[in-house]
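**Student:** In the working numbering, the protein residues as written are -14 to 453.
Even for Gly, the Cβ is constructed at its ideal location relative to N, Cα and C.
Questions regarding the structure given below will be posed in turn.
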């Protein structure tokens, strides 16, 4: 019989180990998907930022389809199957090996070519989704209901901290050396990394893979797993499918919850697309290279963390429904501004001549007004996207009938995967059709606008009355 890894009000080794898994896995998103590897893939390997963005959208779309069709059933069936660790171990190891394989994605295409990167990235993202489902399903065994929020919060905090630290390390060890005459920066990239062969960009794949394995080891060693149920796989899947259908049936008679979940599917999918394509877009349109992209990632991570505080404050002051509307609207404004930026243009209308203008400072990045304003818009988007995730959870609780929040959180998770392919599909279609990265971002604006309009049909979720 399994016991929960809890001692008093403190998380014990098993619960902390559960949190470390997330801290080891999630830096992949920052290093590979957003800021370093995929911008390199798009601009250098593909050689055309527009085609590169379309290819990134293609793998995001394929991965989204697979996850939408399979992950909800896995989540609904896993309690009936029992142990999570066997499938989680296989998924984690295969995912880590695929991450490490990105090292062979050479700029001359002699190693892992463009097609190989697309296949590897698709599989990594599918496995990432599976590990998320399986890891979340271990939370009850890791920390128990009473301390689950502490383990979950610790996982997110460690994940953000490790991601930022790794970005800073890559910046210090590989990107800045040879570019700045600062005494605390190595004179040359560490380990003989060759910038001409884009090795500093390619090394982030192996770094992400090693971190994934190191973060997973304590969990497999110390976190208790669910007990065996004796159910076969086929029976568990059938019962899981019935559970999914029952969850959808729960929405009958809950108009506002249904309206909210439909709106959330649209605006969250749009925000996921913003995260997926922000690095590729900045590299292609603003012509930012690895050094600038790493600095961009570090700074945006700080403002993303502040977004959680912002969401909490808006929830308390205005109620979560109004907070979500404001957060989605402000992200929309930021996206519209992003589309109007270019190295020689500010917000659609103002021409900027970088050759004639004096640099804003003598540093190696963000030396022009378009660069600086693009960075400031990124700060706003990072804060409001994070705030919207926080406020959305609060609104779900506020709209849930008493005693049924657990069931509706299950539907909440299901809705998060049902359309996660849509943003990538629209970006791919718009980018390929109009041969423009800006058109791809415009498709995200349309999707997010539909989500914001949907929020206008949600009632309830207002500000709580102050205690008398």
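Considering only C-alpha positions, which residue in the set 325, 260 and 375 is nearest to residue 294?
**Tutor:** Looking up residue 294 in the chain shown gives position 309. Among 325, 260 and 375, the Cα nearest to that of residue 294 is on 375.
**Student:** For residue 336, which residues does DSSP report across the bridge?
**Tutor:** Within the chain shown, the letter at position 351 stands for residue 336. Paired residues: 330.
**Student:** So what's residue 19 in DSSP terms, helix, strand or just coil?
**Tutor:** In the chain shown, the residue the question calls residue 19 occupies position 34. Residue 19 falls in the helix class under three-state DSSP.
**Student:** Kindly give me the distance between the Cβ atoms of residue 251 and residue 436, rounded to whole angstroms, as I take these residues to be in contact under 8 Å.
**Tutor:** In the chain shown, residue 251 corresponds to position 266, counting from 1. In the chain shown, residue 436 corresponds to position 451, counting from 1. That belief holds up - the Cβ atoms of residue 251 and residue 436 are roughly 3 Å apart, short of 8 Å.
**Student:** Alpha carbon to alpha carbon, what distance is there between residue 366 and residue 353?
**Tutor:** What you label residue 353 is simply residue 368 of the chain shown in a count that begins at 1. What you label residue 366 is simply residue 381 of the chain shown in a count that begins at 1. Looking at the two C-alpha atoms, the distance is approximately 20 Å.
**Student:** When the distance is taken between beta carbons, is residue 409 closer than 9 Å to residue 248?
**Tutor:** To locate residue 248, count along the chain shown from 1; it is residue 263. To locate residue 409, count along the chain shown from 1; it is residue 424. Not in contact: residue 248 and residue 409 (Cβ atoms no closer than 9 Å).
**Student:** Give a yes or no on whether the C-beta atoms belonging to residue 9 and residue 199 are separated by under 9 Å.
**Tutor:** As a first step, residue 9 is located in the chain shown; it is residue number 24 there, counting from the start. As a first step, residue 199 is located in the chain shown; it is residue number 214 there, counting from the start. Yes, the Cβ-Cβ distance between residue 9 and residue 199 is below 9 Å.
**Student:** I need the DSSP call for residue -13, collapsed to helix, strand or coil.
**Tutor:** By one-based count along the chain shown, residue -13 stands at place 2. Its pLDDT being 42, under 50, residue -13 is placed unreliably by the model, and the measurement read from it follows with that caveat. Reduced to three states, the DSSP call for residue -13 is coil.
**Student:** Compute the Euclidean distance between the alpha carbons of residue 23 and residue 267, then round it to the nearest angstrom.
**Tutor:** Walking along the chain shown from the start, residue 23 turns up at place 38. Walking along the chain shown from the start, residue 267 turns up at place 282. One C-alpha to the other measures close to 11 Å.
**Student:** Excluding five sequence neighbours on each side, which residues of the same chain lie with their C-beta closer than 7 Å to the C-beta of residue 136?
**Tutor:** Within the chain shown, residue 136 is the residue found at index 151, counting from 1. Taken in chain order, the residues that qualify are -4, 0, 3, 4, 124, 127 and 128.
**Student:** For residue 18, which residues from the same chain have a beta carbon less than 7 Å from its beta carbon, with the 5 sequence-adjacent residues on both sides left out?
**Tutor:** By one-based count along the chain shown, residue 18 stands at place 33. Closer than 7 Å at the Cβ level, and outside the excluded window around residue 18, lie 261.
**Student:** Do you know whose CA, among 291, 186, 246 and 380, lies nearest residue 28's CA?
**Tutor:** Locating residue 28 in the chain shown gives position 43, counting from the first residue. Of the candidates 291, 186, 246 and 380, the one whose C-alpha sits nearest the C-alpha of residue 28 is 186.
**Student:** State the Cα-Cα distance for the pair residue 93 and residue 30, rounded to the nearest angstrom.
**Tutor:** The sequence position of residue 93 within the chain shown is 108, counting from 1. The sequence position of residue 30 within the chain shown is 45, counting from 1. Cα to Cα, the separation comes out at about 7 Å.
**Student:** Going by DSSP in three states, residue 145 sits in which element: helix, strand or coil?
**Tutor:** Here residue 145 is taken as the residue at index 160 of the chain shown, counted from 1. Three-state result, residue 145: helix.
**Student:** What is the DSSP secondary structure of residue 46, reduced to helix, strand or coil?
**Tutor:** Your numbering for residue 46 matches position 61 in the chain shown. Residue 46 falls in the helix class under three-state DSSP.
**Student:** At which residues does the alpha helix (DSSP H) containing residue 188 begin and terminate?
**Tutor:** For the purposes of this step, residue 188 is taken as the residue at position 203 of the chain shown. Taken as a continuous stretch (DSSP letters only), residue 188 belongs to no alpha helix (DSSP H), as it is neither H nor E.
**Student:** Measure the C-alpha to C-alpha separation of residue 348 and residue 284 and round it to an integer number of angstroms.
**Tutor:** Position 363 of the chain shown holds residue 348. Position 299 of the chain shown holds residue 284. So the alpha carbons of these two residues sit roughly 15 Å apart.
**Student:** Would you kindly work out how many angstroms separate the C-alpha atoms of residue 291 and residue 77, rounded to a whole number?
**Tutor:** Counted from its first residue, the chain shown places residue 291 at position 306. Counted from its first residue, the chain shown places residue 77 at position 92. Computed Cα separation, rounded: 30 Å.
**Student:** Taking C-alpha atoms, which residue in 150, 21, 271 and 320 lies nearest to residue 429?
**Tutor:** Residue mapping note: residue 429 aligns to position 444 of the chain shown, counting from 1. Residue 429 has its Cα closest to that of 320, out of 150, 21, 271 and 320.
**Student:** Report buried or exposed for residue 197, applying the criterion of at least 16 other Cβ atoms within 10 angstroms of its Cβ.
**Tutor:** Within the chain shown, the letter at position 212 stands for residue 197. Buried: at least 16 other Cβ atoms inside 10 Å.
**Student:** Are the segment 64 to 75 and the segment 414 to 430 touching, with three or more C-beta to C-beta distances below 8 Å?
**Tutor:** The answer is no - the segment 414 to 430 does not touch the segment 64 to 75, with fewer than three Cβ pairs under 8 Å.
**Student:** My understanding is that residue 357 touches residue 345, with C-beta atoms under 8 Å, so please give their C-beta distance in whole angstroms.
**Tutor:** By 1-based counting over the chain shown, the position of residue 357 is 372. By 1-based counting over the chain shown, the position of residue 345 is 360. That belief holds up - the Cβ atoms of residue 357 and residue 345 are roughly 6 Å apart, short of 8 Å.
**Student:** CB residue 42 to CB residue 416, shorter than 9 Å?
**Tutor:** Taking the chain shown and counting its residues from 1, one reaches residue 42 at position 57. Taking the chain shown and counting its residues from 1, one reaches residue 416 at position 431. Their beta carbons are under 9 Å apart, which means residue 42 touches residue 416 by this criterion.
**Student:** Considering residue 239, what are the terminal residues of the alpha helix (DSSP H) in which it resides?
**Tutor:** Position 254 of the chain shown, counted from the start, is the residue given in the question as residue 239. Residue 239 -> no alpha helix (DSSP H), and no H or E assigned at all.
**Student:** From this set, 439, 32 and 20, which residue's C-alpha is nearest residue 242's C-alpha?
**Tutor:** In the chain shown, counting from the first residue as 1, residue 242 sits at position 257. Of the listed residues, the one whose Cα sits closest to residue 242 is 439.
**Student:** According to the neighbour-count rule (16 or more other Cβ atoms, all chains shown, within 10 Å of its Cβ), is residue 289 buried or exposed?
**Tutor:** The residue you call residue 289 lines up with position 304 of the chain shown. It is buried - the Cβ of residue 289 has at least 16 other Cβ atoms within 10 Å.
**Student:** How far does the alpha helix (DSSP H) with residue 70 in it extend, from its first residue to its last?
**Tutor:** For the purposes of this step, residue 70 is identified with residue 85 of the chain shown, where counting begins at 1. Here the alpha helix (DSSP H) through residue 70 covers 70 to 86.
**Student:** Which one of 11, 86, 170 and 107 has the shortest CA to CA distance from residue 143?
**Tutor:** By 1-based counting over the chain shown, the position of residue 143 is 158. Closest by alpha carbon: 11.
**Student:** Within its chain, find whatever has a CB closer than 8 Å to the CB of residue 420; leave out the 5 residues flanking it on each side and keep chain order.
**Tutor:** Along the chain shown, one-based indexing puts residue 420 at 435. Around residue 420: 35.
**Student:** So for residue 309, helix, strand or coil by DSSP?
**Tutor:** By 1-based counting over the chain shown, the position of residue 309 is 324. In the structure shown, residue 309 sits in a helix (DSSP, three-state: H, G or I).
**Student:** Cβ atoms of residue 264 and residue 282: under 9 Å apart, would you say?
**Tutor:** For the purposes of this step, residue 282 is identified with residue 297 of the chain shown, where counting begins at 1. For the purposes of this step, residue 264 is identified with residue 279 of the chain shown, where counting begins at 1. Against a cut-off of 9 Å, the Cβ pair of residue 264 and residue 282 comes out as a contact.
**Student:** So, with DSSP's three-state summary, where would you put residue 460?
**Tutor:** The structure shown does not extend to residue 460, since the chain is modelled only from -14 through 453, so no value can be given for it.
**Student:** In its own chain, which residues sit with a C-beta less than 7 Å from the C-beta of residue -14, not counting the 5 before and 5 after it?
**Tutor:** For this step, residue -14 is matched to residue 1 along the chain shown. Unreliable placement is indicated for residue -14, whose pLDDT of 38 sits below 50; the coordinate value is still reported in the next sentence. Excluding positions up to five away in sequence, the list reads 212.
**Student:** Let's test the definition: count the other Cβ atoms within 10 Å of the Cβ of residue 54 and tell me whether it reaches 16, buried, or not, exposed.
**Tutor:** Here the question's residue 54 lines up with position 69 in the chain shown. Classification for residue 54: exposed.
**Student:** Which same chain residues end up closer than 7 Å to residue 225 when comparing Cβ atoms and leaving out the 5 residues on each side of it in sequence?
**Tutor:** In the chain shown, residue 225 corresponds to position 240, counting from 1. Here the set comprises 58, 61, 62 and 65.
**Student:** If you count every other CB in all the chains shown that lies within 10 Å of the CB of residue 150, and 16 or more means buried, which is it?
**Tutor:** In the chain shown, counting from the first residue as 1, residue 150 sits at position 165. Result: exposed.
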